[in-house]
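Numbering (my numbering), first residue to last: 3 to 143. All C-beta atoms, glycine included, are put in the ideal place defined by N, C-alpha and C. This report concerns only the one structure given below.
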Amino acid sequence: MAVDTLARLFWERVERLGDRPAQLVKAGGAWTPVSWQALGDEVRELALGLIALGRQRGDAVALLSQSRAEWVRADFAIFSAGCVTIPIYPSYPASEIAYIVNDSGAKTIFVEDAGQLDKVLAATKEMRGLESVVLVQGVVP
């Protein structure tokens with residue numbers, strides 16, 4: 003069977019590979035496998051969260067993070083919800099982040115950590131359409 007979208011390819015892998023490793027994540031100094039099923043469960047929850055926030059098919063969702071396991075999970079969730087990923091380099095200053103968010107029309111942005119959150123919060127007034135921020139790692143101050 004031909005798979006025509008990344009979302010369908012991802013969910014076909016979750017179904018077919020289940021308990022087999024999909025990712026290795028470093029925890030406590032050791033690499034730990036994450037199964038396709040566990041990855042799928044997390045991606046499903048994130049995608050449903052985007053939908054609950056009002057994101058619809060074709061909406062832009064920004065992703066401000068370095069490459070990491072959670073970036074992949076957020077990306078899978080974004081396209082599983084039918085949205086479009088707008089990647090933003092984590093080295094960009096707040097003004098550039100605001101420009102990209104505004105230009106793309108993103109209403110939601112995933113941010114990697116408190117450092118990236120600080121940049122987004124510093125430019126919040128400039129990001130006219132931004133409605134929600136999802137913090138990947140850390141605690142909201």
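In its chain, beyond the 5 residues on either side, 114, 138 and 139 have a beta carbon closer than 8 Å to the beta carbon of residue 72. Secondary structure note for residue 134: it is in no alpha helix (DSSP H), and the uninterrupted beta strand (DSSP E) holding it is 134-137. Residue 45 sits in a helix when the DSSP states are folded into three classes. Per DSSP, residue 19 is one residue of the alpha helix (DSSP H) stretching across 8-19. Looking at 7, 26, 41 and 6, the one whose alpha-carbon comes closest to that of residue 16 is 41.
In the displayed model, residue 118 falls within a helix according to three-state DSSP. In summary, residue 33 is exposed, with fewer than 16 beta-carbon neighbours lying within 10 Å of its beta-carbon over all protein chains present. Beta-bridge annotation (DSSP): residue 103 is not paired with any residue. In chain order, 75, 76 and 79 place their CB closer than 7 Å to the CB of residue 48, counting only its own chain and leaving out the 5 sequence neighbours on each side.
Residue 12 sits away from residue 65, with the two beta carbons spaced by 8 Å or more. Boundaries of the alpha helix (DSSP H) around residue 71: 71-82. For residue 37, the uninterrupted beta strand (DSSP E) run begins and ends at 32-37, by DSSP. Taking the C-beta atoms as reference points, residue 82 is found no nearer than 8 Å to residue 24. Residue 106 places its beta carbon 8 Å or farther from that of residue 55.
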